[in-house]
Amino acid sequence: MADRIVDGNRLLEEYDWRTAPEGLATRRQLRAQGLRPAGQTPIVLRCRKCRNYPERVCTRPTFLYRIDLAKPVRPMTLAMERGLDRAMEARQRCPKCCRRYHHDIPLRRFGSCQECHDGTPADPSTYLAPPPSRGHGLAA
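Quick note: the sequence shown uses the numbering used here, first residue -4, plus one each step.
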């Protein structure tokens, strides 16, 4: 049987590497099956390194969830999709030239895209053209 460990104020089941029973899956495995954990208490699987040291507290545990208690993933609404697109745009749009790249740009390191930072020309197939300017933005 599994040991018990305390996480905050709840007891979690704990298994050693390759000793967990069938019917458990990680979050990624659940997601691949179109499922989500749905608030169930996780079961802890200790890493391979901790298998040889039973008295050691595992620093890299894997959380497993019961497949029979998992629920289907909620479908993404238009508002959720719009919010995700805005968040990705903030990571991909250069604040200087307003181009939206197909990859994240290093804003923390450079503050702009590579071309604006040091003049290295960007391949035109890696970005979208900046949106047209709206003029001065005043009503009159």
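Positions of the beta carbon are idealized from the N, C-alpha and C atoms, including for glycine. Predicted, not measured: the structure shown is a model, and the values here were computed from it.
Counted within 10 angstroms of its Cβ, other Cβ atoms place residue 64 as buried (16 or more) or exposed:
exposed
Which residue's Cα is closest to the Cα of residue 83: 17, 100 and 125?
100
Would you list the residues sitting across from residue 25 in a DSSP beta bridge?
None, per the DSSP bridge assignment.
Apart from the five residues on each side of it in sequence, which residues of its chain come closer than 7 Å, Cβ to Cβ, to residue -4?
Model confidence at residue -4 stands at a pLDDT of 44, short of 50, so the residue's coordinates are unreliable; what they give is reported in the following sentence. So no residue of the chain qualifies.
Which same chain residues end up closer than 8 Å to residue 26 when comparing Cβ atoms and leaving out the 5 residues on each side of it in sequence?
68
Exposed or buried, what is residue 127 when buried is set at 16 or more other beta-carbons lying within 10 Å of its beta-carbon?
exposed
Cβ of residue 122 within 8 Å of Cβ of residue 103?
no
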